[in-house]
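A short worksheet on the structure shown next.
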Amino acid sequence: MIRFIKRIVYCFVGLLTFLLLMYLVAFCVGEPELNKDRYIKLYDDQNEIFYQSINNYSGQYVSLENVNPYFLKAIVSIEDKRFYQHHGFDYVGISRAIKTNVIKRKNSQGASTITQQYARLLYLTNEKTWSRKVKEAFFTLQLETHLSKDKILEGYVNNVYFGHGIYGIENAAQYFYKKKASELTLNEASMLAGVVNGPQYYSPLLHERKAKQRQALVLNAMYENHVITKSVLEATKKQTLNLAKEHSLNENMSNYYYKYTVLQELENLGYYNNQYLNKGLNIYTSFHQEYQDTLNQLIKEKDIQTDLQCAFTVVNPKTSQLQALLGGKDYSKSQYNRALHANRQIGSTMKPLLYYLALENGFNPTTSFLCEPTTFKLENQTTYSPSNFHKKYAYKDITLAQAIAVSDNIFAVKTHLFLGTENLYNFLRNYHIKAKNNASLALGTVNTNIYNLSNIYCNIASTGKYQPIYTIEKITDHQGKLIYQHKNKRTQTLNKESCLILSQLLTGTFNKQFSTYLSATMSNYQTKYTVACKTGSTDYDNLIVAYNPNILITGWVGYDDNRKMEQSEEKVITKDVTISFLNKHIKKESWYYPTSKLNAISINPLSGEFDENGIVYWFRKGTP
Numbered sequence: 004m005i006r007f008i009k010r011i012v013y014c015f016v017g018l019l020t021f022l023l024l025m026y027l028v029a030f031c032v033g034e035p036e037l038n039k040d041r042y043i044k045l046y047d048d049q050n051e052i053f054y055q056s057i058n059n060y061s062g063q064y065v066s067l068e069n070v071n072p073y074f075l076k077a078i079v080s081i082e083d084k085r086f087y088q089h090h091g092f093d094y095v096g097i098s099r100a101i102k103t104n105v106i107k108r109k110n111s112q113g114a115s116t117i118t119q120q121y122a123r124l125l126y127l128t129n130e131k132t133w134s135r136k137v138k139e140a141f142f143t144l145q146l147e148t149h150l151s152k153d154k155i156l157e158g159y160v161n162n163v164y165f166g167h168g169i170y171g172i173e174n175a176a177q178y179f180y181k182k183k184a185s186e187l188t189l190n191e192a193s194m195l196a197g198v199v200n201g202p203q204y205y206s207p208l209l210h211e212r213k214a215k216q217r218q219a220l221v222l223n224a225m226y227e228n229h230v231i232t233k234s235v236l237e238a239t240k241k242q243t244l245n246l247a248k249e250h251s252l253n254e255n256m257s258n259y260y261y262k263y264t265v266l267q268e269l270e271n272l273g274y275y276n277n278q279y280l281n282k283g284l285n286i287y288t289s290f291h292q293e294y295q296d297t298l299n300q301l302i303k304e305k306d307i308q309t310d311l312q313c314a315f316t317v318v319n320p321k322t323s324q325l326q327a328l329l330g331g332k333d334y335s336k337s338q339y340n341r342a343l344h345a346n347r348q349i350g351s352t353m354k355p356l357l358y359y360l361a362l363e364n365g366f367n368p369t370t371s372f373l374c375e376p377t378t379f380k381l382e383n384q385t386t387y388s389p390s391n392f393h394k395k396y397a398y399k400d401i402t403l404a405q406a407i408a409v410s411d412n413i414f415a416v417k418t419h420l421f422l423g424t425e426n427l428y429n430f431l432r433n434y435h436i437k438a439k440n441n442a443s444l445a446l447g448t449v450n451t452n453i454y455n456l457s458n459i460y461c462n463i464a465s466t467g468k469y470q471p472i473y474t475i476e477k478i479t480d481h482q483g484k485l486i487y488q489h490k491n492k493r494t495q496t497l498n499k500e501s502c503l504i505l506s507q508l509l510t511g512t513f514n515k516q517f518s519t520y521l522s523a524t525m526s527n528y529q530t531k532y533t534v535a536c537k538t539g540s541t542d543y544d545n546l547i548v549a550y551n552p553n554i555l556i557t558g559w560v561g562y563d564d565n566r567k568m569e570q571s572e573e574k575v576i577t578k579d580v581t582i583s584f585l586n587k588h589i590k591k592e593s594w595y596y597p598t599s600k601l602n603a604i605s606i607n608p609l610s611g612e613f614d615e616n617g618i619v620y621w622f623r624k625g626t627p
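With my numbering as the guide, the letters of the sequence shown map in order to residues 4 to 627.
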């Protein structure tokens, strides 16, 4: 125990020495750049601004004289009660946090000061690395050595986030209470001071009870700091929230999931750092506002009352541009971007990937397998017994065309084992999907997010040309100087003819002619123009991918906690939204043309025999 305490003391002394050196460097470097002119502007595909950061937001940067003193005292009391005594770091708070988190083995205490938080807001990204922590420490010291406490506090309250897309106290006062920051009451000021600790959890609009509990903590802290009396404390706790009846934004929060995706890409490109942010960034994207508005409206019309969530992407297959994205049903209530980060089982959307490989290995639309209950004996001496939906079988040979239309599981597993399971396993690795090399892989027993699923299907929809889907076309600084320009790096990674045959086969999911022992998966829906489509359904997830040469939409619906979808109306949301979207935005027929290596042949899709009155499918020349 003594040795452990010595280690703690040595670490503390080392930390103090390090901070003293940083104080000296910070003093010599000079006054920090507060970056009041720093900004990010995001432009859509029509060069119209659809998002701009706080410094260009309609709200005003206010001086401390124009902020009610109650709010300033409240924010100091709850966030950093020794703000006016310390020099950037609260060593008393750090000691308490070490005692709580290390010695008592709890992880509930932090010691971040207002100055540290301000440094983070001004200069740093959200990366959780030691290098970022060191930078934060340096910027904190730089602020403290060159600015007054009031200037630091002023900068902090003008930049801190209050949720709902709101930054800064003036904007927050207008949004929550329809008044200026100078007009806030103690009740209102203490409420807002509580929100900044966790805007998603303490928003009075989303969680009234939690907000009141947090406000009580703020008021207690103010009392302990001798800011208010006991009687004022008790009286204020009894008051109602007194929120404004309307809460309008000047920015469209429905665009925020896409904004988040752009900023993620900006970081991946290496431009989301102070070197570039301080110059002001104009980011020109492929964002299509009309597509986004349609997605938002279609989800809104569903009026989902449960915790059911959704995610959708819209991509241009010809360019790989991401044109719209929905990461959840309501950004104001959940900022989690499910399109990028929710890895879910993809189910039968796997099958077209398998059938692409089959077409590469001699299969054609008329290739047949017997459809009946089957137990497969595997190489490892185990058995595998998949079943069809509702355990329905044809009990005869079915064609690849029908197997795709009705999403037959037996046909898929037979194909998978016939090709060798390593083929699909290796194919998925090309798209950074980790999978188990087993028989069930054919049925989609692997997880990925719909952003990546869109990436894979875009490769097919583009007739085999590939580059990762993207959002950023170019970046300029505040002077208009070009910083970054996207370069088209599309390469032919898949066979064009196999992609064309597969896309033609995927139109059969709408054809009721295939609905014999099982229904064609999209037989209850019709599109104005030709569309390829594949669904994927489990007890927990519903997915869909649909496309033509110009547009590709991918959708997912499910619960974040992986609960089963019990209601039938929940299970059709992806289909309803996708088909409604396509019928609105596909203006004219646009479909693929066969290459000189393909023949268009009319066949009976059930028997696979030639039929001049049948359905036209594409076959490689020379196919028997």
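Ideal placement from N, C-alpha and C gives every residue a C-beta, glycine not left out.
Starting from residue i, trace the beta strand (DSSP E) both ways and give me its first and last residue.
{"i": "R623", "result": "618-623"}
{"i": "K44", "result": "43-46"}
{"i": "D296", "result": "Here D296 belongs to no beta strand (DSSP E); instead the alpha helix (DSSP H) covers 292-305."}
{"i": "T424", "result": "That residue, T424, is in no beta strand (DSSP E); its alpha helix (DSSP H) goes 424-432."}
{"i": "F517", "result": "Here F517 belongs to no beta strand (DSSP E), and DSSP marks it neither H nor E."}
{"i": "Y487", "result": "485-488"}
{"i": "F372", "result": "371-374"}
{"i": "L284", "result": "284-288"}
{"i": "S605", "result": "601-606"}
Which of the three DSSP states, helix, strand or coil, is assigned to residue i?
{"i": "Q507", "result": "helix"}
{"i": "S257", "result": "helix"}
{"i": "E51", "result": "coil"}
{"i": "F15", "result": "helix"}
{"i": "I5", "result": "helix"}
{"i": "N319", "result": "strand"}
{"i": "E191", "result": "helix"}
{"i": "Y263", "result": "helix"}
{"i": "L329", "result": "strand"}
{"i": "E68", "result": "helix"}
{"i": "F366", "result": "coil"}
{"i": "K84", "result": "coil"}
{"i": "E615", "result": "coil"}
{"i": "S526", "result": "coil"}
{"i": "G113", "result": "Because G113 carries a pLDDT of 49, less than 50, the predicted location of this residue cannot be relied on, and the following value inherits that uncertainty. DSSP places G113 in coil when its eight states are reduced to three."}
{"i": "I472", "result": "coil"}
{"i": "A314", "result": "strand"}
Would the beta-carbon of residue i fall within 7 Å of that of residue j?
{"i": "V221", "j": "T474", "result": "no"}
{"i": "N359", "j": "L505", "result": "Strictly speaking, residue 359 in this sequence is Tyr, with Asn absent from that position. Yes; because the gap between Cβ atoms is below 7 Å, this pair is in contact."}
{"i": "C502", "j": "S323", "result": "no"}
{"i": "N190", "j": "T239", "result": "yes"}
{"i": "H415", "j": "L508", "result": "Checking the displayed sequence, the identity of residue 415 turns out to be Ala instead of His. For A415 and L508, no; Cβs fall outside 7 Å."}
{"i": "N228", "j": "S56", "result": "no"}
{"i": "K44", "j": "N285", "result": "yes"}
{"i": "N455", "j": "I472", "result": "no"}
{"i": "I349", "j": "G539", "result": "yes"}
{"i": "G197", "j": "T143", "result": "no"}
{"i": "S193", "j": "Q218", "result": "yes"}
{"i": "Y64", "j": "K152", "result": "no"}
{"i": "S371", "j": "T402", "result": "yes"}
{"i": "Y164", "j": "P202", "result": "yes"}
{"i": "L187", "j": "F74", "result": "yes"}
{"i": "K336", "j": "A247", "result": "no"}
Please list the terminal residues of the continuous alpha helix (DSSP H) segment that includes residue i.
{"i": "Q384", "result": "From DSSP, Q384 is part of no alpha helix (DSSP H); its letter is neither H nor E."}
{"i": "A238", "result": "233-240"}
{"i": "I453", "result": "453-464"}
{"i": "K215", "result": "211-227"}
{"i": "A345", "result": "That residue, A345, is in no alpha helix (DSSP H); it is neither H nor E in DSSP."}
{"i": "Y358", "result": "354-363"}
Measuring only from the beta carbon, is residue i closer than 6 Å to any heavy atom that is part of the ligand NAD?
{"i": "D544", "result": "For the ligand NAD, the structure offers nothing, since it holds no ligand at all."}
> In chain order, which beta strand (DSSP E) runs of at least 3 residues are fully inside the segment 535-591?
Replying inline: 535-540, 544-550, 555-561
>> Assess contact between the segment 557-568 and the segment 541-548, defined as three or more Cβ pairs (one per stretch) separated by less than 8 Å. Is contact present?
In response: yes
>> Under 8 Å, with one C-beta from each stretch per pair, do the segment 465-481 and the segment 516-527 reach the 3-pair mark?
In response: no
>> Assess contact between the segment 602-610 and the segment 341-354, defined as three or more Cβ pairs (one per stretch) separated by less than 8 Å. Is contact present?
In response: no
>> Suppose only complete runs of 3+ residues qualify. What are the beta strand (DSSP E) ranges in the segment 136-202, listed by chain order?
In response: 164-166
> Within the chosen definition, does the segment 455-469 reach the segment 488-504 through at least 3 CB pairs nearer than 8 Å?
Replying inline: yes
>> If we require 4 or more residues per run, which alpha helix (DSSP H) segments fall completely within the segment 384-418?
In response: 403-409
> Okay, do the segment 352-366 and the segment 383-392 touch, 3+ Cβ pairs below 8 Å being the bar?
Replying inline: no
> If we count Cβ pairs, one from each stretch, closer than 8 Å, do we get three or more for the segment 370-379 versus the segment 392-411?
Replying inline: yes
> Do three or more CB pairs link the segment 584-593 to the segment 526-538 at distances below 8 Å?
Replying inline: yes
>> Count Cβ pairs between the segment 479-488 and the segment 292-307 that sit closer than 8 Å; are there 3 or more?
In response: no
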